[in-house]
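Asks: A single structure is presented below for examination.
Numbering (our numbering), first residue to last: 55 to 181.
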């Protein structure tokens, strides 16, 4: 049995987003998606204080640890697979975090143009 390699928004093999903290719908470190991932956790973003506050204001507190779920809570600088619609919501509100294009799943292009994504690229920012 062979596995299909997921691709990123640049058309290359999907790179890991983070293993510390471990992220992804499948908790494999990658922003893969599949059946059951209704939020489409496909955008690999670098957390900022501004985004974490924005997300909390929208009812999704990503900064508070929840040990019962194995969730350490996120800090600015951590990388995390965000739901594509939450990233778009933050973009529209002026609070979108920078992203790792190599680690964003290709399906993000169904929602956001590559040129928009490039404007938020960590690589372009020199990080």
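We put the CB at the ideal spot given by N, CA and C, even for glycine.
Measure the beta-carbon distance from residue 130 to residue 110 and round it to whole angstroms, keeping in mind my assumption that it falls under 8 Å.
Replies: That pair is no contact at about 13 Å.
Asks: Where do the N-terminal and C-terminal ends of the alpha helix (DSSP H) with residue 170 fall, by residue?
Replies: 168-173
Asks: With DSSP run on the structure shown, which of helix, strand or coil describes residue 125?
Replies: strand
Asks: Excluding sequence positions up to five away, which residues of its chain have a Cβ less than 7 Å from the Cβ of residue 238?
Replies: The shown model of the chain, from 55 to 181, leaves out residue 238, and the question about it has no answer.
Asks: What is the residue span of the alpha helix (DSSP H) that residue 97 lies within?
Replies: No alpha helix (DSSP H) contains residue 97, which is instead part of the beta strand (DSSP E) from 95-100.
Asks: Just how far apart, CA to CA, sit residue 59 and residue 158?
Replies: Going from the Cα of residue 59 to the Cα of residue 158 covers about 13 Å.
Asks: Could you have a look at residue 134 and say whether DSSP puts it in helix, strand or coil?
Replies: Here residue 134 sits in strand by DSSP.
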